[in-house]
Amino acid sequence: MTSALDERTWRQRLQPLFSGFDLPLMLAVLVLAACGLTAMYSAGFDHGTRFVDHTRNMILAALILFGVAQVPPQRLMAFAVPLYTIGMVLLVATALFGVTRKGATRWLNIGVVIQPSEILKIATPLMLAWWFQRREGARRVRDFVGAALLLLAPAALIAKQPDLGTAILVFSAGFYVIFFAGLSWRLILPVVAIGATGLIALVLSEDSICQPGVDWKVLHEYQKNRVCTLLDPSKDPLGKGFHIIQGMIAIGSGGLWGKGFMKGTQTHLEFIPERTTDFIFAAYSEEFGLAGFLVLLFGFTFLILRGLAISFEAPTVFARLLAGAITLSFFTYAMVNMGMVSGILPVVGVPLPFVSYGGTAMVMLGLSLGMLMSIARSRRLMPS
1 MTSALDERTW RQRLQPLFSG FDLPLMLAVL VLAACGLTAM YSAGFDHGTR FVDHTRNMIL
61 AALILFGVAQ VPPQRLMAFA VPLYTIGMVL LVATALFGVT RKGATRWLNI GVVIQPSEIL
121 KIATPLMLAW WFQRREGARR VRDFVGAALL LLAPAALIAK QPDLGTAILV FSAGFYVIFF
181 AGLSWRLILP VVAIGATGLI ALVLSEDSIC QPGVDWKVLH EYQKNRVCTL LDPSKDPLGK
241 GFHIIQGMIA IGSGGLWGKG FMKGTQTHLE FIPERTTDFI FAAYSEEFGL AGFLVLLFGF
301 TFLILRGLAI SFEAPTVFAR LLAGAITLSF FTYAMVNMGM VSGILPVVGV PLPFVSYGGT
361 AMVMLGLSLG MLMSIARSRR LMPS
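Spelled out as structure tokens, the structure:
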């Protein structure tokens with residue numbers, strides 16, 4: 001009798017912690033986590049402790065998700081200005097006193113070596129959502145100009161390190177907030193048209209601008225090489241084009257059903273570089289084929305659609321903008337990673353959420369999903 005009462009008491013204590021959790025969102029997360037663990041076991045079982053570490057990182061991300069989900073959105077908003085300020089101060093300190101590795105100054109030694117740009121992946125959309133919440137009902141052109149400056153400052157500092165991949169992720173997350181805040185299509189469409197024109201001109205003039213000695217001015221030499229390699233990887237198949245060619249071979253050889261779990265030849269004969277990190281999508285596609293890709297695509301699509309639904313139902317401007325930005329950030333991660341591995345986009349070092357190995361990336365993933373879950377719970381737990 002006593003044990004039954006004790007069990008009921010513990011259940012009553014724990015129930016408020018789990019109430020309001022969005023089950024469809026959790027289903028999407030579980031599908032993607034299962035794909036990630038399966039791919040990591042195959043690609044990383046002979047790669048030290050990658051699978052064990054990846055599992056540990058997922059558990060840590062789950063704990064962070066659960067913890068952050070307990071924090072109401074209005075309390076999350078209180079972290080916006082301090083977190084953004086700390087991130088910007090650390091970025092400036094990195095530019096002045098940072099640790100340089102392989103020509104890039106991306107790290108800062110403060111007793112432990114950290115990469116401040118990771119903070120801005122979540123601090124930037126958080127800050128911009130706070131910015132527009134403060135201007136609810138009275139948004140003017142200067143408010144969007146101020147938001148643009150808040151976005152361009154961290155993106156420019158990160159791009160200068162240079163770290164183009166992280167700069168793209170930070171910029172896109174902030175841009176999504178500005179877009180959902182009401183940025184006019186009349187301002188967006190001309191930029192899209194100019195970008196499309198530039199891409200067409202780049203493809204048509206590839207033979208002349210990719211010659212040795214041609215200075216692109218706005219890009220570093222290694223960034224120019226990445227773009228030129230993307231345009232024609234066959235020009236250097238054993239050098240700069242090796243990554244792209246091997247990735248495309250692995251994806252294409254998977255066929256409809258794939259070669260089978262742990263039977264990927266490109267993967268296990270080590271033709272695929274960075275097979276547990278940036279290029280794990282190639283290893284996954286080789287072993288599970290189009291069918292496996294469709295499962296992964298379903299997981300990401302369901303996650304994005306559910307996240308947008310949570311955004312539309314959010315009770316405040318801050319929550320709506322933050323949820324929308326976090327959701328579309330998952331789209332950016334997946335699109336850029338799959339695109340670069342497939343030879344559609346330049347290789348910029350963007351991980352595939354839930355699948356790629358990486359402790360910091362997994363922590364940020366748990367933090368982002370925790371905020372999204374917090375917003376979902378705030379709607380469900382509101383008094384009727």
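Under our numbering, think of the first position of the sequence shown as 1, with each following residue one higher. Quick reminder that beta carbons are idealized off the backbone N, C-alpha and C, glycines included.
The beta carbon of Met262 sits closer than 6 Å to the beta carbons of Ser42 from its chain, once the five residues preceding and following it are set aside; these are given in chain order.
Using a Cβ distance threshold of 9 Å, Ser378 and Pro73 count as a contacting pair. Boundaries of the alpha helix (DSSP H) harbouring Arg50: 50 to 69, taken from the DSSP string. Each residue's CA atom was taken as its position, placing Cys210 and Pro82 some 44 Å apart.
Here Thr166 is buried. Its C-beta has 16 or more other C-beta atoms within 10 Å. DSSP places Thr100 in the strand class (E or B) of the three-state scheme. Contact annotation, Pro233 with Ile249: C-beta distance approximately 11 Å; criterion of less than 8 Å not satisfied. Beta-bridge annotation (DSSP): Trp107 is paired with Val99. With respect to the 9 Å criterion, Ile64 and Leu120 are not classified as neighbours on the basis of their beta carbons. In terms of CA proximity to Phe79, Leu322 leads the group Met340, Phe179, Leu322.
Taking 8 Å as the upper bound for CB-CB distance, Ile310 and Ile375 are in contact here, some 6 Å apart.
Taking a C-beta distance under 9 Å as the contact criterion, Leu169 and Tyr357 do not qualify as a contact pair.
Between Ala129 and Phe318 a beta carbon distance of about 5 Å is seen, short of the 8 Å cut, so the two are scored as contacting. Under the three-pair Cβ rule at 8 Å, the segment 262 to 280 counts as touching the segment 352 to 367.
Annotation for Gln266: Gln246, Ile249, Ala250, Ser253, Ile272, Ala282, Ala283, Glu286 place their beta carbon closer than 8 Å to its own, counting only its chain and skipping 5 residues before and after.
Assigned with DSSP and collapsed to three states, Val350 falls in coil, not helix or strand.
Listed as beta-bridge partners of Val113 by DSSP are Asn109.
Remark: C-beta atoms of Leu108 and Gln115 approach each other more closely than 9 Å. Look at Gln74 here: in three-state DSSP terms it is helix. Going by C-alpha positions, Asn57 is about 7 Å away from Val363. Contact between Ile178 and Leu151 is confirmed by a C-beta separation of about 7 Å, below the 8 Å threshold.
The alpha-carbon separation between Gly366 and Ile110 amounts to approximately 24 Å. Val141 has its alpha-carbon roughly 18 Å from the corresponding atom of Pro190. CA-CA distance, Gly44 to Arg275, rounds to 8 Å. Val145: member of the alpha helix (DSSP H) spanning 141 to 159, first to last residue. In this structure, Gly370 sits away from Val92, with a CB-CB distance that is not shorter than 9 Å.
With a threshold of 16 other beta carbon atoms within 10 Å, His243 meets it and is buried. Nearest to Gly260 by alpha-carbon distance, out of Leu187, Thr38, Leu30, Ala34, is Thr38.
Leaving aside the five residues that flank Trp216 on each side, the residues in its chain whose CB is nearer than 6 Å to its CB run, in chain order, Lys224. Straight-line spacing of the CA atoms in Thr55 and Ala34 works out to 11 Å. Spatial neighbours of Arg50 in its own chain (CB-CB distance under 6 Å, excluding positions within 5 residues in sequence) are listed in chain order as Gly44, Thr276, Tyr357. Ser368 and Thr327 have their C-alpha atoms spaced approximately 9 Å apart. The three-state reading of DSSP puts Thr316 in coil, since its state is none of H, G, I, E or B. Distances from the alpha-carbon of Gly264 to those of Arg75, Met26, Met40, Phe66 put Met40 closest. Shown here, Arg134 sits in a helix according to DSSP, grouped into three states.
In this structure, the CA atom of Met77 is about 35 Å from the CA atom of Arg101.
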